[in-house]
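Take 1026 as the starting number for the sequence shown in our numbering and just add one per residue. A virtual CB, placed ideally from N, CA and C, is assigned to each residue, including glycine. The structure appears below as structure tokens.
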Amino acid sequence: GLFMVQESASMDGGLRGGSHLDEDMEQSPVQYTVRGTGTHDVARAQELEKCEAFIRGLLSNYSSLPLGRVHNYLQMFMRDPPYTQSEAQLRDFLARLCQDGRLEFNGSHYALVQRQ
């Protein structure tokens, strides 16, 4: 799941390190390019890169698949790195791939872009 960290105020009423919260919230959860050097960011970028390759393989075997089936296949078969995304995060990632022209979405199913 997706968790949000809230920082608490110290006894004197000041906020400890609160200036970076807005920056963290501005980052899109589907951003799969590494913006920092945190190991979580690197691991997520690697997972999504492998995820895209796995999805392309799925869609080359099946002409098109709905979100739920893609999510289930990733949960069952993607092991290195392990698949950890929620279905909502996957939907956002697939939407990004569609915007980038890598996948097509017809309102219910995702497919590889057909080149002519």
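For Leu1128, no alpha helix (DSSP H) segment is defined; the enclosing uninterrupted segment is the beta strand (DSSP E) at Leu1128 to Phe1130. In the three-state DSSP reduction, Tyr1098 falls in the helix class (H, G or I).
Excluding sequence positions up to five before and after Val1138, its CB lies within less than 8 angstroms of the CB of Gly1126, Arg1127, Leu1128 and Glu1129, all in the same chain and listed in chain order.
Secondary structure note for Leu1137: it is in no alpha helix (DSSP H), and the uninterrupted beta strand (DSSP E) holding it is Tyr1135 to Leu1137. Among the bridge pairs identified by DSSP, Leu1073 is matched with none.
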